[in-house]
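Numbering (my numbering), first residue to last: 131 to 217. By construction, the Cβ of each residue, glycine as well, lies at the ideal position given by its N, Cα and C atoms.
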């Protein structure tokens, strides 16, 4: 399974760290990520506010699960947007 974690803080670092331990997870991506997430994930230089780019990246890399860490993109509708794009 490929996983995309959205965010760049300590919460996202903890999520990436734990997801990377799962034998079911093949690749963890983090957008935009930080120095800590880079230790267990592939950081992707996409802003949490760039919904179209996040959706396209998820489709291009065949992401199976998206975990949104920060509240702001959730409030702004990221989950609904991704679902509408087929992610």
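Could you name the residues that DSSP lists as bridge partners for residue i?
i, result
"residue 136", "161 and 198"
"residue 172", "159"
Thinking residue i and residue j are a contact (beta carbons under 8 Å), I'd like their distance in whole angstroms, please.
i, j, result
"residue 137", "residue 200", "5 Å"
"residue 161", "residue 134", "7 Å"
Taking all protein chains shown into account, do 16 or more other C-beta atoms lie within 10 angstroms of the C-beta of residue i, making it buried, or fewer, making it exposed?
i, result
"residue 171", "buried"
"residue 175", "exposed"
"residue 163", "buried"
"residue 214", "exposed"
"residue 94", "Outside the shown range of the chain, which is 131 to 217, sits residue 94, and nothing can be said about it."
When the Cα atoms are used, what is the spatial distance from residue i to residue j?
i, j, result
"residue 216", "residue 132", "15 Å"
"residue 158", "residue 165", "14 Å"
Could you tell me whether any non-hydrogen atom of the ligand COA is closer than 7 Å to the CB of residue i?
i, result
"residue 143", "Looking for the ligand COA in the displayed structure turns up nothing, as the structure carries no ligands at all."
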